[in-house]
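Residue numbers (full-length UniProt numbering), protein chains in the order written: chain A, 1 to 249; chain B, 1 to 249.
Ideal Cβ positions, reconstructed from N, Cα and C, are used throughout, including at glycine.
Accompanying notes for the structure given below.
Protein chains: 2
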Amino acid sequence: MNDRPISFRVGTDCADCPIRHKAVCAHCDADELVRLEQIKTYRTYSAGEVIVWAGDEMDFVASLVSGVATLTQTMEDGRRQMVGLLLASDFIGRPNRSSVSYDVTATTDVTLCCFRRKPFQEVITNTPHVSQRLLEMTLDELDAAREWMLILGRKTAREKIASFLAILARRNAGASDLGPGIDIQFELPLTREAMSEYLGLTLETVSRQMSGLKRDGVILLEGKRRIVVPDFDALLNETGDDADGGMLA
Amino acid sequence: MNDRPISFRVGTDCADCPIRHKAVCAHCDADELVRLEQIKTYRTYSAGEVIVWAGDEMDFVASLVSGVATLTQTMEDGRRQMVGLLLASDFIGRPNRSSVSYDVTATTDVTLCCFRRKPFQEVITNTPHVSQRLLEMTLDELDAAREWMLILGRKTAREKIASFLAILARRNAGASDLGPGIDIQFELPLTREAMSEYLGLTLETVSRQMSGLKRDGVILLEGKRRIVVPDFDALLNETGDDADGGMLA
DNA sequence: CGCCCTTTTGAACACTTTCAAATCCCGTGG
DNA sequence: CCACGGGATTTGAAAGTGTTCAAAAGGGCG
């Protein structure tokens, strides 16, 4: 019902983990990592696979080690809205609640670091480093959700696309150079349909607006999935936000 | 810059507090309450007053004791989207971050229980009962934000209005009777304009849809602000959600 | 009683959706 | 190596929903 493990890789050392310093375990010391090591298991899912369905029981919580996953809500009549876009180091599941509220889907191949629910709840209770990190991450997600609400509620289709691309560009570039004159490139981890579910649009509108941004030279497409942003400020100018941060004043 | 106290009421006992068992202090024992008492101050704001502006520094965090407040984001050109609707017991501010991301506005007369930022951060660090309660509350807010995202991204104007009224009805009725045959009544704490900012609509559309729901007998208006819901299921049927919870099967 | 702000209503318009069909792209198999 | 198949994407045209601009009606408070 709730798990479709494709493969297991047990015994991987937390010290070598690519998300060691960003995930829920970020603040842990060596002793605390040992506790987590004892209750963790890796699972992998392939692109397109559903990790859990809304309403199902999930006997674990997890950190997303690699890949991209989504949280999606579905209405009676099939209308769908994505409500979470999970990248490396993001947390899946809610302590003290075993039933899941949203469909969780792997949109690329995904590796999860899963913690058995019961013992993880004890860790939360006894390890302030973990619960405090989880609070930080949840507050960040809440901020992201609120930025997303502005996009959904008030932006035009073109602004929505530009905003989405800017968010991806920022997350992919990390803290590195987003200045003018530097080409930013990244892979789109979502289909046009998934983008439409993120942005509250139809996939046709997404396609049209992508074409529009390409036509206007704001983005270049290499194949269908690789995006090149020749001028990040130009992209920001399309988002409707305070793009240039008052550089003109 | 950041505070416009209208009046103070010092020395009020936490034991008598109306939000004692729902706010961030809910899990605290007597000793822990003493610590909070030492750093708290009450402030009141009158309807319409801005509590803090986005970007301002806030030297306190707070629990909303009574009244209704909103979090709102504003774009360059004046488009506005509400991203938080704060009712009694909700928490305002973010630990470890003194600058505020959204305009916080009192939409009715409001009383806050404010905690000085610095000492509150110590409480967070040293008092698991507080940090764990704050985590719970933040997770609840995140869930609410995600439900809201579905409303903004995928619902029609009529469904948005119905969903909003259903949310208010549920919060006001508390755990009590929402069954059929029981009239639910509540006061609208928001103007049409504030509703439009909540729902990503124009105020004209809000007004039209309210009229439509009234015309169809889904709601009754007593004055402009008091709403009567003669049949809660009928309202739910307008939300687009799985209204009757499978009662028909 | 009158003023002002909120709310309602009307009509034309704009943007996104819907429905339909063509095109592209990639993996597969001949 | 190239043709084929099928999902993903793009493009077109018509239709619909919500917005915009405008004006009237309603309500509360001095």
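Chain B contact for residue 132/A (CB, 8 Å cutoff): yes
Between the Cα of residue 39/A and those of 121/A, 136/A, 197/A, spot the shortest distance and give me the residue it belongs to. Sorting 121/A, 136/A, 197/A by C-alpha distance to the C-alpha of residue 39/A places 121/A at the top.
Residue 131/A: which of 163/A, 106/A, 145/A, 94/A sits nearest, CA to CA? 94/A
Whole angstroms are fine: how far does the CA of residue 158/B sit from the CA of residue 50/B? 30 Å
In the DSSP assignment, the beta strand (DSSP E) including residue 80/A goes from what residue to what residue? 80-86
For residue 64/A and residue 92/A, the rounded distance between their alpha carbons: 7 Å
Same chain only: Cβ atoms within 7 Å of residue 240/A, ignoring 5 sequence neighbours per side: Same-chain partners within the cutoff: 155, 159.
Cβ-based neighbour list, residue 221/B, same chain, cut-off 8 Å, excluding 5 preceding and 5 following: 210, 214, 227, 228
What does the alpha-carbon distance come out to for the pair residue 123/B and residue 57/B? 20 Å
I need the straight-line Cα distance from residue 234/A to residue 218/A, nearest angstrom please. A direct Cα-to-Cα measurement between residue 234/A and residue 218/A gives close to 6 Å.
Contacts around residue 74/B, its chain only, beta-carbon distance under 6 Å, and the 5 residues preceding and following it disregarded: 80
Using alpha carbons as the reference points, say which of 18/A, 61/A, 55/A, 45/A lies closest to residue 68/A. 45/A
8 Å Cβ cut-off: residues of chain B touching residue 26/A: What residue 26/A touches in chain B: nothing, since even the nearest Cβ is about 14 Å away.
Within the region 85-154 of chain B, note down every full beta strand (DSSP E) run reaching 3 residues or more, in order along the chain. 103-106, 110-116
Please list the terminal residues of the continuous beta strand (DSSP E) segment that includes residue 50/A. 50-52
Please classify residue 165/B: does DSSP put it in a helix, a strand, or coil? helix
Using a C-beta cutoff of 8 Å, does residue 208/A count as contacting chain B? no
What's the gap between the Cα of residue 172/A and the Cα of residue 89/B? The straight-line gap from Cα to Cα measures roughly 38 Å.
Could you work out which residues of chain A lie near residue 138/B, taking near to mean beta carbons separated by less than 8 Å? The CB of residue 138/B comes closer than 8 Å to the CB of 135, 138, 139, 142 in chain A, given here in chain order.
On the three-state DSSP scale, how would you describe residue 224/A? Here residue 224/A sits in coil by DSSP.
Compile a chain-ordered list of the residues in the region 93-117 of chain A whose CB is closer than 9 Å to at least one CB of chain B. 94, 95, 96, 97, 101, 102
In angstroms with no decimal places, state the Cα-to-Cα distance between residue 128/B and residue 125/A. 8 Å
Please identify the residue among 205/B, 236/B, 97/B, 184/B whose C-alpha is closest to the C-alpha of residue 193/B. 205/B
Is residue 153/B close to chain A? Criterion is C-beta to C-beta, closer than 8 Å. At a cut-off of 8 Å between beta-carbon atoms, residue 153/B makes contact with chain A.
Classification of residue 62/A by the beta-carbon crowding that lies within 10 angstroms, buried from 16 upward: buried
Quick one, which of 97/A, 237/A, 198/A, 100/A has its alpha-carbon nearest residue 107/A's? 198/A
In or out: residue 225/B buried (at least 16 other Cβ within 10 Å) or exposed? Under this definition residue 225/B is an exposed residue.
Could you compute how far the alpha carbon of residue 196/B sits from the alpha carbon of residue 53/A? 33 Å
How big is the Cα-Cα spacing for residue 147/A and residue 25/B? 28 Å
Does any residue of chain B bring its CB to less than 8 Å from the CB of residue 123/A? Residue 123/A does not count as touching chain B.
Per DSSP, which residues does residue 229/B bridge with? Please list them. 184/B
Take residue 187/B as the anchor and find which of 200/B, 202/B, 167/B, 23/B has the nearest alpha-carbon. 167/B
Within 8 Å of any Cβ in chain A, is that where the Cβ of residue 119/B sits? By the rule that beta-carbons nearer than 8 Å mark a contact, residue 119/B does not touch chain A.
Taking Cβ positions, are residue 14/B and residue 60/B nearer each other than 8 Å? no
Tell me the rounded alpha-carbon separation between residue 96/A and residue 76/A. 28 Å
Starting from residue 43/B and walking both ways along the alpha helix (DSSP H), at which residues does that stretch end? Here residue 43/B belongs to no alpha helix (DSSP H); instead the beta strand (DSSP E) covers 40-45.
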